[in-house]
Amino acid sequence: MVVKYKNLILTGIFCGLYVALGNILLAQSIKVKGSDTMYPLMHEITDLYGKGVQIEGGGSNAGIQALREGRADVAMASRSLQPTEQSALAQSGQDAVSVVVAYDALSFIVHPENKVSKLSQSQLEGIFNGSITNWKQVGGDNRPIQVVIREATSGTNEFVKDVIIHKKPFPTNAKVCVGTSAVIQTVSQDLNAIGFVGIGYLEEIVKPLAIAANNSNFVVPSFKTALNKTYPLVRPLYLFYPKKQLSKVKPFIDFALSPLGQKAVVHKGFIPAGNGK
């Protein structure tokens, strides 16, 4: 009876320790949210890290908002923080640190049977601000252009607005897709369509266009052209975290930037952080 009683006590102690340890691990779980462009590479990194990291997409804007509201420990974003966002984060006590974890070659895609294979950035500007509306205006067939964009929470949308159309609105008839995969599918099924995706999402069912910063030196987006900096639309991919969460998230951030974490970046078709512009 004494032995059985001692065993019961020991079992109770171990169960209590197990529950307590589980609660500690749960409390230390890192929540990562944001960019759909970054989701595949960060999902692979979190799988390799393997220590209680919860990851969710939803777009860069959603990730930054979740960070401000304390619903995320790390935000993924395919663009830099806007001044208003920096102020809002600081005012909410979530003053953020930014880390570049990878680089992306923003790729403009069309249907594989579209005769157009290259565009200058000025032509892209005309298409995405609505002043160029027919493919014949850029060397293609006499067909209307269907612009395909991402949802409002997308950081890639913001990047295109800032860099390509200089903060002008997209055409009113632009087709909005929720998520990058939806952009790929929409463009692959519409001969008139043009959209944009991160390089890690490129598939054979769409055709990436060669892009030139001027009217010459057209370059197709690829790992090689992004790495050697000949492709003109290379952008940084960010992780943001509150300064006060440094001790909690630093091991994860360090792992993402480690050789193994950066191998995951390359495996997903993106450019490692040490090789950007």
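Residue numbers for the sequence shown follow the numbering used here, so the first one is 236 and each next one is one higher.
Virtual Cβ for every residue (Gly too), placed ideally from N, Cα, C.
Which same chain residues end up closer than 7 Å to residue i when comparing Cβ atoms and leaving out the 5 residues on each side of it in sequence?
i    : result
S355 : A447, N449 and N450
E438 : I419
P465 : The sequence shown places Thr at residue 465, rather than the Pro named in the question. Same-chain partners within the cutoff: V454.
Just to confirm the assignment, what range does the alpha helix (DSSP H) spanning residue i have?
i    : result
Q321 : P318 to Q326
R303 : S295 to R303
I280 : Y274 to Y284
A461 : F458 to L462
Residues in its own chain within less than 8 Å of residue i by CB, not counting five upstream and five downstream?
i    : result
S333 : S315, L316, Y473, L474 and F475
A499 : L276, E279, I280 and L283
Residue i to residue j, Cα distance in whole Å?
i    : j    : result
S352 : G292 : 31 Å
M488 : G374 : For clarity, residue 488 is Ile in the given sequence; the question names Met instead. The alpha-carbon atoms of I488 and G374 are separated by roughly 46 Å.
G305 : E279 : 24 Å
N377 : N349 : 11 Å
V432 : S327 : 32 Å
G287 : S264 : 5 Å
P477 : H502 : 28 Å
F405 : G365 : 7 Å
A491 : P507 : 10 Å
V469 : E386 : 21 Å
S270 : N369 : 31 Å
V267 : C412 : 23 Å
Y338 : N392 : 16 Å
So with Cβ pairs under 8 Å, would you call residue i a contact of chain B?
i    : result
T465 : The question asks about chain B, but that chain is absent: this structure has only one protein chain.
Closest by CA to residue i, which one among the options?
i    : options                   : result
L495 : D376, M273, Y284 and L426 : Y284
I299 : N392, H278 and A331       : A331
G504 : R378, L462, V309 and P467 : L462
S482 : E439, D308 and L302       : D308
K479 : N296, E320, G287 and A325 : A325
Q321 : L302, A337, D339 and V336 : L302
Y436 : Q372, T391, T368 and T272 : T272
G390 : K266, A312 and P471       : A312
Please look up how many angstroms separate the CB atoms of residue i and residue j, rounded, as I've assumed it's under 8 Å.
i    : j    : result
I419 : F363 : About 18 Å separates the two Cβ atoms, so there is no contact after all.
V441 : V345 : 7 Å
S342 : P443 : 5 Å
I380 : I429 : 6 Å
Residue i lies in the beta strand (DSSP E); which residues open and close that run?
i    : result
S333 : A331 to A340
Q356 : Note, Q356: premise wrong, no beta strand (DSSP E); alpha helix (DSSP H) at Q356 to N364.
G414 : It is not in any beta strand (DSSP E) - G414 carries neither H nor E in the DSSP assignment.
V288 : V288 to E291
I446 : A445 to A447
Excluding sequence positions up to five away, which residues of its chain have a Cβ less than 6 Å from the Cβ of residue i?
i    : result
E360 : I399 and I400
N409 : Rather than Asn, the amino acid found at residue 409 in this sequence is Ala. Correct list, in chain order: V382 and I384.
N296 : T388
Please determine whether the Cβ atom of residue i lies at a distance below 7 Å from any heavy atom of the ligand SAM.
i    : result
E279 : Absent from the structure shown: the ligand SAM. Ligands present: none.
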